[in-house]
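Reviewing the structure listed below.
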Amino acid sequence: MEFGPGKFDDWCVFLTCPGAPAYAPSDREYFAELRHLATRQGNHKVYDDFVQVFDRTGPELNQAVLAHIASLAAGYRRDAVVAERLLCILYAGMIAEENKANAKLGKRIKRLGVYQVLIEGVPPEVAAEFSKGRPWQELDAECQQRGF
1 MEFGPGKFDD
11 WCVFLTCPGA
21 PAYAPSDREY
31 FAELRHLATR
41 QGNHKVYDDF
51 VQVFDRTGPE
61 LNQAVLAHIA
71 SLAAGYRRDA
81 VVAERLLCIL
91 YAGMIAEENK
101 ANAKLGKRIK
111 RLGVYQVLIE
121 GVPPEVAAEF
131 SKGRPWQELD
141 AECQQRGF
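Counting from 1, one number per residue, gives the positions in the sequence shown under our numbering.
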């Protein structure tokens with residue numbers, strides 16, 4: 001995984017594999033994968049583990065957080081690889097949000113989408129589009145209503 005220039009800034013998250021082109025996963029894609037993982041592992045387990053990563057996320061990549069993600073993912077047994085990949089994507093996405101110029105919500109915008117999908121049962125494609133075109137003050141109020 002790495003950061004690079006995207007449509008909006010230099011903080012686009014790319015998945016990289018040897019011999020394959022870099023790929024930027026969309027919110028819609030990883031929200032759908034999260035929902036699928038939650039059907040196997042439990043919505044609250046996946047959400048609670050995400051919140052542990054959220055609480056440890058700052059503007060810089062931290063090896064201790066990556067180690068914590070690996071530890072959390074081990075608890076998913078047969079889904080450990082998927083859980084680790086998704087939590088790492090979300091972690092990188094939150095770092096990117098914390099570094100965006102003039103971003104008022106920072107990493108909370110990712111938490112809003114994850115909360116909508118895992119706790120409220122909002123379809124991933126709806127949650128992925130929810131924030132687009134909305135003023136930050138409205139999104140801030142949405143986050144505060146949910147306790148973050």
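Glycine residues also receive a C-beta, built at the ideal position from the N, C-alpha and C atoms.
Keep in mind the model is a prediction, meaning the values are calculated, not measured.
Nearest to residue i (by Cα), restricted to the options the options
i, options, result
"E29", "G147, G113 and L139", "G113"
"A141", "L66, K104, H44 and A128", "K104"
"R111", "K100, M94 and N99", "M94"
"I109", "Q144, F14 and G75", "Q144"
"A22", "A128, G4 and V65", "G4"
Residue i - containing alpha helix (DSSP H), residue span
i, result
"M1", "M1 -> no alpha helix (DSSP H), and no H or E assigned at all."
"P43", "Checking the sequence, you will find Asn at residue 43 rather than Pro. Looking at the DSSP string, the run of the alpha helix (DSSP H) that includes N43 is N43 to R56."
"S71", "Q63 to A74"
"C17", "Premise fails: C17 is in no alpha helix (DSSP H) and is neither H nor E."
"R85", "A80 to N99"
Min CB distance residue i to chain D below 9 Å
i, result
"L34", "Protein chain content of the structure displayed is limited to a single chain, and chain D is not contained in it."
Reduced DSSP category for residue i - H, G, I as helix; E, B as strand; rest coil
i, result
"F130", "coil"
"V117", "helix"
"F148", "coil"
"V122", "coil"
"L105", "coil"
"E60", "coil"
"A24", "coil"
Burial state of residue i (16 or more Cβ within 10 Å)
i, result
"D49", "buried"
"E97", "buried"
"T16", "exposed"
"R134", "exposed"
"G58", "exposed"
"I119", "exposed"
"L61", "exposed"
"A128", "buried"
**Prompt:** On the three-pair Cβ rule with 8 Å, is the stretch 117-131 touching the stretch 20-39?
**Reply:** yes
**Asked** If you pair each beta-carbon of the stretch 77-84 with each one of the stretch 34-48, do three or more pairs fall below 8 Å?
**Response** yes
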